[in-house]
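Heads up, the thing below is written out as structure tokens.
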Amino acid sequence: MLASVGHPFVIALPFVVAAMFWYIARRERALGLIQGPTFFQRNGTAIGVFLLVAVMFWAVFLIVLPQLFMVELSFRPKLPPSATGGPRDVYTLQNYHYFLFGSPTSSAEWNVVHIKAFFLTIFASIMVTLGNFALCYPIAFYMAQVAGAARVRFLLLLLITPYWVNEILRAFAFRVIFSTSGILNKILLGSGVIADPIDFLGLDIGMYAGLGYAYLLLMVFPLYNAVENLPKSQIEAARDLGAPWWHIHLFVVMPFAKPGIASGCTLVFMLTSGALAAPMVLGGPRSLWFTPIVYDRFYQAFHWPQGSAYAFILLLTCVAFVMAVMRIGKLSLGEITR
Amino acid sequence: MTSHTIRRAMVGLYLVLFFTYLFGPLVIMSITAFNTSPYPAIMPFEGFTLEWFRILFNDKDMIIGLHNSLKIGVLVVLISVPCGLAGAMLMHQVYARARSFYYLIVVSPVLTPGVIIGISTVIFWKDFTATTGASFLYDGIILASLGQSSFISAYCMLIFLSRLQRFDRALEEAGLDLGASNAQVFWHILVPYLRPAFLSAAVLAFLSSFENYNTTTFAILAEKTLTTVLAGRVRQGSTPAISALAVTIIAVTVAGTIIYELVKRREDARKAATMRRAQDAERLEMAAT
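First to last, the sequence lines map onto chains Z and R.
Here the working numbering is used: the first residue of the first sequence is 535, the next is one more, and so on.
Here the working numbering is used: the first residue of the second sequence is 359, the next is one more, and so on.
Pasting the structure below:
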């Protein structure tokens, strides 16, 4: 199929969907199923127009169309500008084929490097997410249920402060510690524990430490908000009934804080799997992380369709993760993004 | 009682460890900014110097990057706050059957990795500006602002939504019943009510934009921002000038936080004083009758 039909179709799509909903709403109003003032009666013309224009600009031009264009591009071949729209510009799966099997000229059966990087990224992101949860749950619980108001305010301030420093500088701080001539190696060498410096960055230890550190805050806050709403009496009741402490957490606090847990885990997973700064700053030359590979597809190989395909694969993974969390926790999207 | 003491000690130890993990790296990095050693190090501390700050403030690329970051930050605030407000106001008015679909669309950028937002923004606007002939829009500063606004608007919308949830619709109806126009109700009732939300949305939008890297690095094209310059510098090699930048940012934010706290405290005190005066007046009135 020629790819020139793609763009008009893609651009029309959001408008057609909006018009469809608008038409159904009008029909229902005509049938008396919807009561009350109409949109413009309720908001007035000026504000009504502002609302529609602003939301249309945001939802259509900043969110939907860019995503659709990216997906569309991922199914197109890489062509010089002169050949775009020509007979060779047909939809193809070659970019996805490349992800799985590598270039047609290579002798290897699978594109091992990219596939391995992809699964390693997903696996490491899940591990980082679980690790962050384990690390942040106690502090969230402490702030929400144990500490007094003044101390909570102080702790919140302490928690937020490191996050005003941007991601790259936070990663750089870990590089200062973990590099071959870094502080950790100096301490270990000086105290005689090791004879030769350890290449922490080459071993990816620095990268994982940095990734675990990077999004800690986004785990603490949803957890804190969720646990804070739990009435103290419920914990006391459980304690009075003789529940051991881990029972209280596992069967009283955690089920109650489920939306917060889901929210924190989704955010941390998404940010970690899409992290670019920590792998770039802390990764060694042989480190495998998916986002730098995507970046290289764009700005090293200049193969935008392929980069789009890789980005779409990452996006689908994140969607799958969010849906899995919603399914496991029996939650709605609204509860996760609160 | 001993088990209680042990538990308290455990909690204390955990807190200390947690905050050491949180602050340790930053403290170490900050110290390296003042060490004369050309490679960021704290031991041996060869001597105290401010040379790295001088080098940092004379770094032309950093200055250009800072300018661009500030420009993008302002643009993002100007785009995201109105879009977020409109998105939040429409949430309760949108056709009921379309509501969850609408919510899914506008909240999706929060759950989309930043790199993907940056990539899709470049792809779309490159094509769109070429087709419509508005190629002056295909500019790193504008694209970075648009890309960041896509998810920062969603943050702003969530802030407005949570404030709107506690809004008493009766106030609006009272205004309309008393003969106010829709526009008057909007400007004189809704906007003043939302003022704290406007403030926090604007601050959050600016800060998220200023420190954003993932979206910006794709969308910035040939331009540069502070974070992209910084990323380039870090990849070239470690120098204490980078630590000096971190110290500067930390100093600015700590100062900002302290000022914010002081302002807030004064406002709280003023509010409490007004309340007290109102109560006194009421008491006097009661005594008079």
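Using N, Cα and C, we set each Cβ at its ideal position, and we do this for glycine too.
Source: prediction; values computed, not measured.
Quiz item: Beta-carbon separation of M753 of chain Z and V802 of chain Z under 8 Å?
Solution: Going by C-beta atoms, M753 of chain Z is nearer than 8 Å to V802 of chain Z.
Quiz item: How is the alpha helix (DSSP H) around H781 of chain Z delimited, first residue to last?
Solution: Here the alpha helix (DSSP H) through H781 of chain Z covers 779-782.
Quiz prompt | Cutoff 8 Å: P611 of chain Z Cβ touching any chain R Cβ | solution = No, P611 of chain Z does not count as interfacial toward chain R.
Quiz item: Using a C-beta cutoff of 8 Å, does Y571 of chain R count as contacting chain Z?
Solution: At least one chain Z Cβ lies under 8 Å of Y571 of chain R.
Self-check item: Closer than 8 Å to chain R by CB, S807 of chain Z
Solution: Yes, because at least one Cβ of chain R sits closer than 8 Å to the Cβ of S807 of chain Z.
Quiz item: Quick one, are the C-beta atoms of L584 of chain R and M420 of chain R less than 8 Å apart?
Solution: With contacts defined by Cβ atoms closer than 8 Å, L584 of chain R and M420 of chain R form a contacting pair.
Quiz item: Does DSSP put N416 of chain R in a helix, in a strand, or in coil?
Solution: In this structure, N416 of chain R counts as coil in the three-state DSSP scheme.
Practice problem: Measure the Cβ-Cβ separation of A599 of chain R and W410 of chain R and say whether it is below 8 Å. | Solution: Yes; because the gap between Cβ atoms is below 8 Å, this pair is in contact.
Self-check item: F555 of chain Z: contacting residues in chain R (beta-carbon distance under 9 Å)
Solution: In chain order: V452, Y453, R455, A456, F459, Y460.
Quiz item: What are the start and end residues of the alpha helix (DSSP H) that includes P793 of chain Z?
Solution: Here the alpha helix (DSSP H) through P793 of chain Z covers 792-807.
Practice problem: Compare the C-alpha of A560 of chain R against each of R:P550, R:V432, R:D626 and name the closest. | Solution: The residue from R:P550, R:V432, R:D626 with its alpha-carbon nearest to that of A560 of chain R is R:V432.
Practice problem: Starting from F633 of chain Z, follow the alpha helix (DSSP H) in both directions and report where the run begins and ends. | Solution: For F633 of chain Z, the enclosing alpha helix (DSSP H) covers residues 628-635.
Practice problem: Tell me whether the beta-carbon of P793 of chain Z lies closer than 8 Å to the beta-carbon of L690 of chain Z. | Solution: Result no, Cβ atoms of P793 of chain Z and L690 of chain Z do not sit closer than 8 Å.
Quiz item: Hey, is R561 of chain Z's beta-carbon within less than 8 Å of any beta-carbon in chain R?
Solution: Interface residue (Cβ-Cβ distance to chain R less than 8 Å): R561 of chain Z is not classified as such.
Quiz item: Between M804 of chain Z and L588 of chain R, is the Cβ-Cβ spacing less than 8 Å?
Solution: No, the pair does not count as a contact, with Cβ atoms beyond the cut-off.
Practice problem: Could you tell me whether the stretch 608-619 of chain R touches the stretch 531-540 of chain R, using the rule of 3 or more Cβ pairs below 8 Å? | Solution: Segments in contact, no.
Practice problem: For G533 of chain R, return the contacting residues in chain Z, with the cut-off set at a CB-CB distance below 9 Å. | Solution: Under the 9 Å cutoff, chain Z gives no residues; its nearest Cβ is about 12 Å from G533 of chain R.
Quiz item: For chain Z, is any of its Cβ atoms less than 8 Å away from the one on A485 of chain R?
Solution: The sequence shown places Asp at residue 485 of chain R, rather than the Ala named in the question. Yes, contact with chain Z.
Quiz item: Out of curiosity, what's the CA-to-CA distance linking T714 of chain Z and Y829 of chain Z?
Solution: Cα to Cα, the separation comes out at about 26 Å.
Quiz item: Beta carbon of I386 of chain R: closer than 7 Å to some heavy atom of the ligand SAM?
Solution: You won't find the ligand SAM in this model; it holds no ligand whatsoever.
Quiz item: Any beta-carbon of chain R closer than 8 Å to the one on T825 of chain Z?
Solution: Yes, its Cβ sits closer than 8 Å to a Cβ of chain R.
Practice problem: Specify the secondary structure class of L624 of chain Z as computed by DSSP and reduced to three states. | Solution: Before going on, a small fix: residue 624 of chain Z reads as Val here, not Leu. Strand.
Practice problem: Would you kindly work out how many angstroms separate the C-alpha atoms of I335 of chain R and K720 of chain Z, rounded to a whole number? | Solution: Since the first and last residues shown for chain R are 359 and 647, residue 335 of chain R lies out of range.
Practice problem: Spell out whether any CB of chain R is found under 8 Å from the CB atom of I711 of chain Z. | Solution: At least one CB atom of chain R sits nearer than 8 Å to the CB of I711 of chain Z.
Quiz item: According to the neighbour-count rule (16 or more other Cβ atoms, all chains shown, within 10 Å of its Cβ), is S725 of chain Z buried or exposed?
Solution: Result: exposed.
Quiz prompt | Exposure of I477 of chain R, with buried meaning 16 or more beta-carbon neighbours within 10 Å | solution = Label assigned to I477 of chain R: buried.
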